[in-house]
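To keep things clear, I will list the structure first and then write my remarks on it.
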Amino acid sequence: MDYKKLLADTVILGDVKSGEIEALITVPKDPAMGDYCLPCFKFAKEMKKSPMAIAEEIVSRIVAHGLLEKAEAVGGYVNFTLNKKMVASAVVKKILSEGETYGRSDIGAGKTVCIDFSSVNIAKPFHMGHLLNTVIGGALCRIYRALGYKVVGINHLGDWGTQFGKLIVAYKKWGDKDDIDKRGVRGLLDIYVKFHEEAEKDPSLEDDARAWFKKIEDGNKEAIDLFGYFKDVTMKEVEKVYKRLNVTFDSYAGESFYNDKMQPVLDELEEKGLLETSDGAKIVRFEGDKMPPCLLVRSDGATLYATRDLAAAVYRKNTYDFYKCLYVVAYQQNLHFKQIFEVLRLMGKPWANDMVHVAHGMVSLEDGALSTRTGRVVFLEDVLNTAVAKAGEIIAEKNPDLENRELTAEQVGVGAAVFAMLFNGRIKDVVFDYDKVLNFDGETGPYVQYTYARCCSLLEKCAPEGDAFDEDGISNDEAYALVKALEKFPESVTAAGEKYEPSIVTRQIVDVAQAFNKFYFEHNIKDAAPAVRNARLALVAATKQVVESGLSLLGIAAPQRM
Ligand code: ARG
Numbered sequence: 000m001d002y003k004k005l006l007a008d009t010v011i012l013g014d015v016k017s018g019e020i021e022a023l024i025t026v027p028k029d030p031a032m033g034d035y036c037l038p039c040f041k042f043a044k045e046m047k048k049s050p051m052a053i054a055e056e057i058v059s060r061i062v063a064h065g066l067l068e069k070a071e072a073v074g075g076y077v078n079f080t081l082n083k084k085m086v087a088s089a090v091v092k093k094i095l096s097e098g099e100t101y102g103r104s105d106i107g108a109g110k111t112v113c114i115d116f117s118s119v120n121i122a123k124p125f126h127m128g129h130l131l132n133t134v135i136g137g138a139l140c141r142i143y144r145a146l147g148y149k150v151v152g153i154n155h156l157g158d159w160g161t162q163f164g165k166l167i168v169a170y171k172k173w174g175d176k177d178d179i180d181k182r183g184v185r186g187l188l189d190i191y192v193k194f195h196e197e198a199e200k201d202p203s204l205e206d207d208a209r210a211w212f213k214k215i216e217d218g219n220k221e222a223i224d225l226f227g228y229f230k231d232v233t234m235k236e237v238e239k240v241y242k243r244l245n246v247t248f249d250s251y252a253g254e255s256f257y258n259d260k261m262q263p264v265l266d267e268l269e270e271k272g273l274l275e276t277s278d279g280a281k282i283v284r285f286e287g288d289k290m291p292p293c294l295l296v297r298s299d300g301a302t303l304y305a306t307r308d309l310a311a312a313v314y315r316k317n318t319y320d321f322y323k324c325l326y327v328v329a330y331q332q333n334l335h336f337k338q339i340f341e342v343l344r345l346m347g348k349p350w351a352n353d354m355v356h357v358a359h360g361m362v363s364l365e366d367g368a369l370s371t372r373t374g375r376v377v378f379l380e381d382v383l384n385t386a387v388a389k390a391g392e393i394i395a396e397k398n399p400d401l402e403n404r405e406l407t408a409e410q411v412g413v414g415a416a417v418f419a420m421l422f423n424g425r426i427k428d429v430v431f432d433y434d435k436v437l438n439f440d441g442e443t444g445p446y447v448q449y450t451y452a453r454c455c456s457l458l459e460k461c462a463p464e465g466d467a468f469d470e471d472g473i474s475n476d477e478a479y480a481l482v483k484a485l486e487k488f489p490e491s492v493t494a495a496g497e498k499y500e501p502s503i504v505t506r507q508i509v510d511v512a513q514a515f516n517k518f519y520f521e522h523n524i525k526d527a528a529p530a531v532r533n534a535r536l537a538l539v540a541a542t543k544q545v546v547e548s549g550l551s552l553l554g555i556a557a558p559q560r561m
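Residue 561 is where the sequence shown ends in numbering that gives the first Met the number 0, and the numbering goes up by one at each step.
Listed below in structure tokens is the structure:
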């Protein structure tokens, strides 16, 4: 329901167009001031009247409308109060008739959004630090799809670099295939660390590594096979985690994919006079040295991360003709993306302005172990396993007879971790604390899931009877606050897309869950008169729908029982 438009249409004010009125109407901070308000200050000068007088004039001429209960002039504002009963029943009926499409839209129809996220590095651990990135990216993919966009989720694999030469040397010297097949990346990591220890004593190992990397570049079969093996080992492990996080990709075109796509971009830079040689390296300088130059080819001829990102951007534009290309990457890479986007601008690519670095913060564990800085690597899989084990203990205590306890523990444990990552604005650093994220009474995943299960059980135990529907049952303060929270869900999805901020959806469903629980504790459903009960059950069903849709956008399961 478009209340702003509806209210604007009730206002008569000289020649002022209803569209202008509509644009001024907002929601007052204090609900006691009504549902919407129209500030009249803007008209004072032209009309040569005080805002107070204008507000009064508007109120005296307002065109009656069934949905409008009252309009009052207060201090230069017109405060509108809607008819709660009508709003409540309209919102509930709309949600129930739209079902899972409630909150979806087609504003993105015909547009493609590329989302580069997770982008793991081959033969490196998929650690705790990747959680935030992976779930923000996954949520943005689902949110954009819900808004009608075509989404291309891209895992820009870190699968190029001299470290793979080292790994081959290490594998050939100390590698044990059985161990690596069993222990995966942990096994690869061990021999990689050993390489560095041994290379301190015997620097010739570094030469061997360079030679092997050269073989990868030249397409030597043995080198390519080994490299492919490391990739398989890594991806097998990573895929398991993606499955648990409900994350999928449409493309795994990683860094190595761009090996043959960099030269044309370098040539174009050269032609446009943007490439400069400095100490044998090729760089692009920025006007007034507003940031350090972008290094694209090292003096030994090697290309860099940035070179591949430039080629990738051009490739994506040519392949997907994106409307926007998002990079979900931690803020440490702010400079890198600024440089890339600026180089594209200098190249005269108009679409450089459609590139967005969706920067996010860092995650650390409560005990202070920041995976990278302390060198203590915390595998994401272990974090999820611990969260699931703890969720299992809580469930065993709260609901010992629950069927499917294992599956529910997985859904609650993983859901709790994901939810915690998506609760705060993405740029914030997050400290991960198992007890906090699993607290059933906090602003947490389990709290929202529990609310959902409560809705399910209420609806199972108690079915509506007949068609009688008493709006009074859902227009009390608690019910109305819930209605308002439910009504805001579609806006929250749109805003989350516009601001690249899934936390807007997360917080909205927390608001819904909190409002629901207040309503549930204050108002009886089961023993209410049939017409009231019917209305309240419809509100419960609407709540269930919105929580389910919200959780699904975030990639979190909604167990019926827990
Ligand atoms: N693999 C990189 C890292 O771990 C992230 C890649 C992000 N995407 C990109 N197109 N640069 O730092």
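Glycine is no exception: its CB is placed at the ideal position from the N, C-alpha and C atoms. None of the values given here were measured: they were computed from a predicted structure.
The Cβ-Cβ distance between Q544 and I94 falls below 7 Å. A Cβ-Cβ contact shorter than 7 Å links N78 with E71.
By the Cβ rule, the segment 213-221 does not count as touching the segment 262-273, because fewer than three pairs are nearer than 8 Å. In this structure, D249 has its CB at a distance of at least 6 Å from all heavy atoms of ligand 1. The nearest non-hydrogen atom of ligand 1 is less than 6 Å from the C-beta of V328.
Distance from the CA of E238 to the CA of M127, rounded to the nearest whole angstrom, comes to 15 Å.
The closest heavy atom of ligand 1 lies 6 Å or more from the beta carbon of D353. Remark: the C-beta of N333 is outside contact range of ligand 1, defined as less than 6 Å to any heavy atom. DSSP places N78 in the strand class (E or B) of the three-state scheme. Counting only residues of its own chain and dropping the five nearest sequence neighbours on each side, I57 has a CB closer than 8 Å to the CB of V10, I11, L12, L37, C39, A70, A72 and V77.
With respect to the C-alpha of G253, the residue from G227, E269, Q331 and P529 having the closest C-alpha is G227. If you draw a straight line from the Cα of G412 to the Cα of M420, it is about 13 Å long. DSSP places I11 outside any alpha helix (DSSP H), giving it a letter other than H or E.
C-alpha of L295 to C-alpha of V546: approximately 47 Å in a straight line. The beta carbon of R209 is closer than 8 Å to those of T161 and G164 in its chain, skipping five residues each way along the sequence. Residue pairing by DSSP places F431 opposite L364 in a beta bridge. If you look at G347, you'll find it isn't in any alpha helix (DSSP H); DSSP assigns it neither H nor E.
Between D158 and I121, the gap from beta carbon to beta carbon is short of 7 Å. Residue burial annotation: E486 is buried, with at least 16 other C-beta atoms found within 10 angstroms of its C-beta. Listed as beta-bridge partners of A280 by DSSP are S277.
With respect to G414, A556 sits close: the two C-beta atoms are nearer than 7 Å. Excluding its 5 nearest sequence neighbours in each direction, G102 has C-beta neighbours in its own chain below 6 Å: F488, P489, V492 and S548, listed in chain order. Here the alpha carbons of H359 and N333 stand approximately 10 Å from one another. CA-CA distance, A87 to D29, rounds to 19 Å. When distances are taken from the beta-carbon of D308 to the heavy atoms of ligand 1, the shortest one is below 6 Å. Assignment of N120 by DSSP, reduced to helix, strand and coil, places it in the strand class.
Comparing alpha carbon positions, the residue from A89, M290, E286 and V327 closest to L345 is E286. Contact annotation: the segment 493-502 does not touch the segment 455-470, with fewer than three C-beta pairs closer than 8 Å. Put simply, of K176, M561 and D207 the residue whose alpha carbon is nearest the alpha carbon of D400 is M561. Not one heavy atom of ligand 1 is found less than 6 Å from the C-beta of D180. For L481, the closest of A537, L5 and S255 by C-alpha to C-alpha distance is A537. Take K4, set aside five residues on each side of it, and the residues of its chain with a beta-carbon closer than 6 Å to its own are E21, in chain order. Following the DSSP letters along the chain, one finds P445 inside the alpha helix (DSSP H) bounded by residues G444 to K460. The C-beta separation of R307 from Y257 comes to about 5 Å, placing the pair in contact by the 8 Å criterion.
T407 counts as buried, since no fewer than 16 other beta carbons sit within 10 angstroms of its beta carbon.
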